[in-house]
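Colleague:
Protein chains in written order, with our numbering: chain A, 8 to 429; chain B, 8 to 429.
#1: Quick check on residue 38(A): buried or exposed, where buried means 16 or more other Cβ atoms within 10 Å of its Cβ?
#2: With a threshold of 8 Å between beta carbons, is residue 246(A) in contact with chain B?
#3: Run the proximity test for residue 196(B): is its beta-carbon closer than 7 Å to any non-hydrogen atom belonging to the ligand MG?
#4: Here's a check: name, in chain order, each residue in its chain whose Cβ is nearer than 6 Å to the Cβ of residue 243(A), leaving out the five neighbours to either side.
#5: Please report the distance separating the alpha-carbon of residue 131(B) from that of residue 417(B).
#6: Between the C-alpha atoms of residue 165(B) and residue 204(B), what's the straight-line distance to the nearest angstrom?
#7: If the cut-off is 8 Å on Cβ atoms, which residues from the stretch 63–76 of chain A count as contacting chain B, listed in chain order?
#8: Could you tell me which of 108(B), 29(B), 346(B) sits nearest to residue 283(B), measuring between CA atoms?
#9: CB-CB under 8 Å to residue 181(B), same chain, minus the five flanking residues each way: which ones, in chain order?
#10: Report the rounded CA-to-CA distance for residue 142(A) versus residue 292(B), giving the unit in angstroms.
#11: Looking at chain B, is there any beta carbon in it that lies within less than 8 Å of the beta carbon of residue 174(A)?
#12: Relative to the C-alpha of residue 260(A), which candidate in 253(A), 268(A), 254(A) has its C-alpha closest?
#13: Assuming the contact rule is C-beta atoms closer than 8 Å, residue 435(A) and residue 160(A) should be a hit. Round their C-beta distance to whole Å, please.
#14: Which class does residue 12(B) belong to by DSSP, given the choice of helix, strand or coil?
#15: Compare the beta carbon distance of residue 350(B) and residue 397(B) with 8 Å and say whether it is the shorter of the two.
#16: By a C-beta neighbour count over all protein chains shown, 10 Å radius and 16 as the cutoff for buried, is residue 344(A) buried or exposed?
#17: Taking C-alpha atoms, which residue in 367(B), 404(B), 93(B) lies nearest to residue 437(B)?
#18: For residue 324(A) and residue 48(A), what's the separation of their Cα atoms in angstroms?
#19: In this structure, how does DSSP classify residue 188(B) when only helix, strand and coil are distinguished?
#20: Among residues of its own chain, excluding the 5 on either side of residue 335(A), which ones have a beta-carbon nearer than 6 Å to its beta-carbon?
#21: Identify the continuous beta strand (DSSP E) that holds residue 400(A) and give its terminal residues.
#22: Reducing DSSP to helix, strand and coil, say where residue 347(B) ends up.
#23: Is the CB of residue 21(A) under 8 Å away from at least one CB in chain B?
#24: In the DSSP assignment, find the unbroken alpha helix (DSSP H) run with residue 139(A) in it and report its ends.
#25: Thinking C-alpha only, which one of 155(B), 154(B), 120(B) is nearest residue 147(A)?
#26: Compare the C-beta of residue 235(A) against all C-beta atoms of chain B and say whether one is closer than 8 Å.
#27: Measuring straight from C-alpha to C-alpha, what distance separates residue 61(A) and residue 319(A)?
#28: Find the residues of chain A that neighbour residue 58(B), judging by a C-beta separation of less than 9 Å, and give them in chain order.
#29: Does any residue of chain B bring its CB to less than 8 Å from the CB of residue 281(A)?
#30: What does residue 18(B) touch in chain A if you count any residue whose Cβ is under 8 Å from its own?
#31: Beta-carbon of residue 38(B) versus every beta-carbon of chain A: anything under 8 Å?
#32: Using DSSP with H/G/I as helix, E/B as strand and the rest coil, what is residue 76(A)?
#33: Note down the Cα distance separating residue 202(B) from residue 129(B), rounded to an integer number of angstroms.
#34: Using CA coordinates, which residue listed in 55(A), 308(A), 144(A), 157(A) is at the minimum distance from residue 192(A)?
#35: Kindly indicate the opening and closing residues of the beta strand (DSSP E) around residue 152(A).
#36: Of the residues that make up the stretch 259–286 of chain B, which ones have a beta carbon closer than 7 Å to any beta carbon in chain A?
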C-alpha cells in the first residue's frame, strides 16, 4: 500500500534500524527470562524515599519555578554543583563550561548535530557504545574503529586511523560499554599527545567512572589534556581548557536514576555556546522539575554515600558473575574482568555466532546482547555483552548456569558439525 | 585565537544564531521590565499542590519504576489517556499512533530528523513559530512562506507554492503563534483537499487548541483529513488515517506546565515507528518520572476543570490587553483579536522598525518580540508579538501604557523625520 509518507523520509533514516536484534530484545522482556541484555541499574538501589522528600520540598518551596520554562543551559545551581563535584576527579571547570542534557544520549546527539557533516569519519573503539553509533548515523557519519584489549583502545594502531582525518575520536575510558575494559594511564597520555599532534578532538564518555569496585581512579582524558595545554597541573578550564581537545560527558543515570534523563557536557565555552543553540532547537531545555529535584537531593553530600552503596551492590554482583562464569562456562570461552561499571564481555570460539544463538538462549530463559550490535561495520560474531548490575545475585547464578548450558550444547553441536536448526 | 574547534562545526550550525535578538531578549529578564516577549504561562495557574500529591503518590507506590529507564514510545497509560482525551476533539487514534516527546520542540526536531534532507523546501505560514524554523534550519531546510490574515493562512496563494514541491506544510491552525489568528473551517477543508491533490503532508501544530476564550472549536485538520480518506466521519485512525496526510502535535506545556517538557505526536503508525527509532538516538525516552506523575495527576479528569480555570484567567488577561491597546496605542497601529491562545500581533505604520525600537522599549521597562524573528526570510519590520498570559492584569495595563508612549513618541519622531539616535 502506498502512503504519502513512503518517499518522504530523509535519507538518514535508511539503515537506522537493526530490526532483527530489536525484535529479539523485545522477547527478553518476558518476566521468566533472566536478562543480562539491558544496561539497567538495579531498581532496588534507587533512592526512592530521598527522592520523594526532595521532590516534595521543591514543589512546596519553589513549585511555580519548578513547573515553568527554564534556561537551555540548565538549572544554574545544578551546574554549579557539577563544577564542585568534578573537582574530586581533577576536572576544573567553570559553570560556563557545563551544559545539562536530557541523558547522555542527548549529549551524543547534540555533539553530532554541532559537529558532523554527512560523510564525516568518526573514530570509535571496537566494540563501542551502540547508542553513539545510533546517534551519529542520523548525521550520516562514517565510522572507523580500533580494537580494545584489557588496557582499552589499542593506541599502537591509532596513528594510521588518524591519518584518515576523523572529525573526532569517541572514547569510553572507564569500564567501557560494552567490553568493561579501562584505558591505562600510559595509553591515555599517548592518546592526548597524538590527538594534539593531529588536531583531532576527543569525546570522552564517562558514565561509569564513579562506579569503581577495585583499584585507583585513572586520571580523566580531559584533565590530562588541560594539564598539557596549560603546561601545569590544576589550572584546568580557567584558561587552558579553552584551547583543549576534549569534550567530556557524564550522567546521573547510573549514580541516581536513569528515569530522570539527566546528564551533562563539559567543554570549552565556545563549544557549549554552539551546543546551547542546538539544544534550543531540540527540546528548549531539560525538565526544570527534574533538575531542581535532583539538585535538592544531592546538594548536601547525598551522592557520595549513595554511590558507595551502589559500588557495594554492583561490586558484589560482579564477583558473583565472575565466579559463576568460572564454574558454568565451557572450555574455550573467555571474558573480561572489569574493575567497575555494569558490563563484561565474553568471547567464544570463532565458529559460534551469538546472534544466531540468541533464540536458543531465550528459549532457555536467559538473554545477552550479541556482540555484533556494538560494531559500526562487521564485528566479531563470536562475542556477547553481559550486564551484572540489574539481576540479583541469585538470578545471576541461575542465569549464568543456564547460559553455560546453552553454550556447552552449542559447542558440542559445532564439534559434531550439525546445522543450527537440525 | 585558534582552537581545535574552529573548523570542526557542522555546516548546519552556520546561521543558526540570531544573536542580536538573543542579546536583546536577555535584557528583558530585568525584574523591573514588564515583558510581553516570552511565551510563558502564568505560574500562578500551575497546579502545584495537585502536582505534589501526584508526585508523592507515584514515588510511594511505583518509585522504582518511575526512576528506571522506560520505553521510547512513552509511558503506555499516558498514551492511552491521550487517545481518550483527543476523542473530545474528534481525533480518533490508537495507542500505536501516539509518541510522547520532550515538549513540542522535540516533536518538531524529530519530524525534521525523520523527513528533511538538506535543501528540502518547507512551506510555513508568514509569520510562523520561531522554534520550528530553529529546529528545521538544523536540517538545512529551505523555507517558503504564505501570509496569514484574520482567517489564517491565505489559501488562495497556496497552489503556486505547492507547485514548488515542498516536503511538507507547517500549519498552526488555532490562535497561531505569533499572529493569534485561527484558520477558518472553509480554508481547512480547502487545505486538506489541495494537500491531497499535491500529495504534500501537513504538520498540524496545536499547542493552544484547548485554550479558547470565545466561539466554537473548529475541526482539526487531522480529523478533516481522516474523514476524507475514510469517506465517512468518525472512523479516523482505525484504518483511514493510515493513508492520511497529517501529523498532529500537541502538548501539556500550556495546559499543565512547560517545566515538565511533555508533548505528543499523532501520526500513522509507520511514521511513529520511524520517529521512535529517531528518538532512541536522540534521548532514549522522555523522563519516566515526569510521564508517570503527569498521568497520575490527570487520569481522573483533573485536566478538564484545570483548563477551564486557565481559560478564565487568560481570557480575562486578553480582554484587559485588548482594552488597554484601544486606550493607549496611537493612531495608525492595529492588532489581531485572538479568540484563544497566548499571543496577539501588532502592526505599526510601515516606516517603523520594531527591532531598532526595542532598546527604547527596554529603556522604558517594557518588552515585546520584534516581528522579524518569526519570518524565515525577510519579514515585515513594522510588526511585533505580544504575550498576554504571563503578566497579570495590572502589569498588562501599565506595560501597554508604557509601550503606547514609546510608540507615540516614535511615530511623532518619524513624522518629523529625525534619526533614531538624535
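In this text, a Cβ means the ideal position worked out from N, Cα and C, and glycines have one as well.
Modeller: Inspection of the coordinates gives the following:
#1: Start at 1 with the first residue of the first chain, and residue 38(A) comes out as number 31. Burial call: exposed.
#2: Along the first chain, one-based indexing puts residue 246(A) at 239. For residue 246(A), the predicted model reports a pLDDT of 48, less than 50, meaning its position is unreliable; a value from the coordinates is still stated below. Not closer than 8 Å to any Cβ of chain B, the Cβ of residue 246(A) fails to qualify, so no.
#3: This structure lacks the ligand MG; in fact it carries no ligand of any kind.
#4: Taking the first chain and counting its residues from 1, the one referred to as residue 243(A) is at position 236. Note on residue 243(A): pLDDT 43, under 50, position unreliable in the model; no value is reported.
#5: Residue numbering aside, residue 131(B) sits at position 124 when the second chain is read from its first letter. Residue numbering aside, residue 417(B) sits at position 410 when the second chain is read from its first letter. Near 32 Å, if we compare the C-alpha coordinates of residue 417(B) and residue 131(B).
#6: The residue labelled residue 165(B) in the question sits at position 158 within the second chain. The residue labelled residue 204(B) in the question sits at position 197 within the second chain. Cα to Cα, the separation comes out at about 12 Å.
#7: 63, 66, 67, 70, 71, 72, 73, 74, 75, 76
#8: Here residue 283(B) is taken as the residue at index 276 of the second chain, counted from 1. Nearest of 108(B), 29(B), 346(B) to residue 283(B), Cα basis: 108(B).
#9: Locating residue 181(B) in the second chain gives position 174, counting from the first residue. Same-chain partners within the cutoff: 189, 190, 213, 215, 216, 219, 225, 347, 348.
#10: Taking the first chain and counting its residues from 1, one reaches residue 142(A) at position 135. Taking the second chain and counting its residues from 1, one reaches residue 292(B) at position 285. Near 13 Å, if we compare the C-alpha coordinates of residue 292(B) and residue 142(A).
#11: In the first chain, counting from the first residue as 1, residue 174(A) sits at position 167. Interface residue, yes.
#12: Within the first chain, the letter at position 253 stands for residue 260(A). Closest option to residue 260(A), Cα to Cα, is 268(A).
#13: There is no way to answer for residue 435(A), as the model of chain A reaches only from 8 to 429.
#14: To locate residue 12(B), count along the second chain from 1; it is residue 5. Residue state, collapsed to three classes: coil.
#15: Your numbering for residue 350(B) matches position 343 in the second chain. Your numbering for residue 397(B) matches position 390 in the second chain. The answer is no: Cβ separation not under 8 Å.
#16: Taking the first residue of the first chain as position 1, residue 344(A) is located at position 337. Classification for residue 344(A): exposed.
#17: What the structure shows of chain B is the stretch from 8 to 429, and residue 437(B) is not part of that stretch, so it cannot be assessed.
#18: Against the first chain, residue 324(A) aligns to sequence position 317. Against the first chain, residue 48(A) aligns to sequence position 41. Between residue 324(A) and residue 48(A), the C-alpha separation is close to 12 Å.
#19: Your numbering for residue 188(B) matches position 181 in the second chain. Reduced to three states, the DSSP call for residue 188(B) is coil.
#20: For the purposes of this step, residue 335(A) is taken as residue 328 along the first chain, with counting starting at 1. Closer than 6 Å at Cβ, skipping near neighbours: 407, 408, 411.
#21: Working through the first chain from its first residue, we reach residue 400(A) at position 393. Looking at the DSSP string, residue 400(A) is not in any beta strand (DSSP E); the run it does join, the alpha helix (DSSP H), is 400–423.
#22: On the second chain, residue 347(B) is found 340 positions in, with the first residue counted as 1. Three-state result, residue 347(B): strand.
#23: Taking the first chain and counting its residues from 1, one reaches residue 21(A) at position 14. Taking Cβ atoms only, chain B never reaches closer than 8 Å to residue 21(A), which makes this a no.
#24: As a first step, residue 139(A) must be located in the first chain, where it is residue number 132. Its alpha helix (DSSP H) spans residues 137–144.
#25: As a working note, residue 147(A) is residue 140 in the first chain. Out of 155(B), 154(B), 120(B), 120(B) has the C-alpha closest to the C-alpha of residue 147(A).
#26: Here residue 235(A) corresponds to residue number 228 of the first chain, with the count starting at 1. It does not; no Cβ of chain B falls within 8 Å.
#27: If you number the first chain from 1, residue 61(A) lands on position 54. If you number the first chain from 1, residue 319(A) lands on position 312. Approximately 24 Å, taken between the alpha carbons.
#28: In the second chain, residue 58(B) corresponds to position 51, counting from 1. Within 9 Å Cβ-Cβ: 66, 70, 73, 74, 296.
#29: For the purposes of this step, residue 281(A) is taken as the residue at position 274 of the first chain. Cβ-Cβ to chain B under 8 Å: yes for residue 281(A).
#30: Indexing the second chain from 1 puts residue 18(B) at position 11. Those are 124, listed as they occur along chain A.
#31: As a working mapping, residue 38(B) is identified with position 31 in the second chain. Proximity of residue 38(B) to chain A, defined by a Cβ-Cβ separation below 8 Å, is not satisfied.
#32: Against the first chain, residue 76(A) aligns to sequence position 69. Residue 76(A) falls in the coil class under three-state DSSP.
#33: In the second chain, the residue the question calls residue 202(B) occupies position 195. In the second chain, the residue the question calls residue 129(B) occupies position 122. Between residue 202(B) and residue 129(B), the C-alpha separation is close to 13 Å.
#34: Sequence index remark: in the first chain, residue 192(A) carries index 185 (1-based). Of the listed residues, the one whose Cα sits closest to residue 192(A) is 157(A).
#35: Within the first chain, numbered from 1, the residue matching residue 152(A) stands at position 145. 149–156 is the span of the beta strand (DSSP E), which, as asked, contains residue 152(A).
#36: 264, 265, 266, 267, 268, 275, 277, 278, 281, 284, 285
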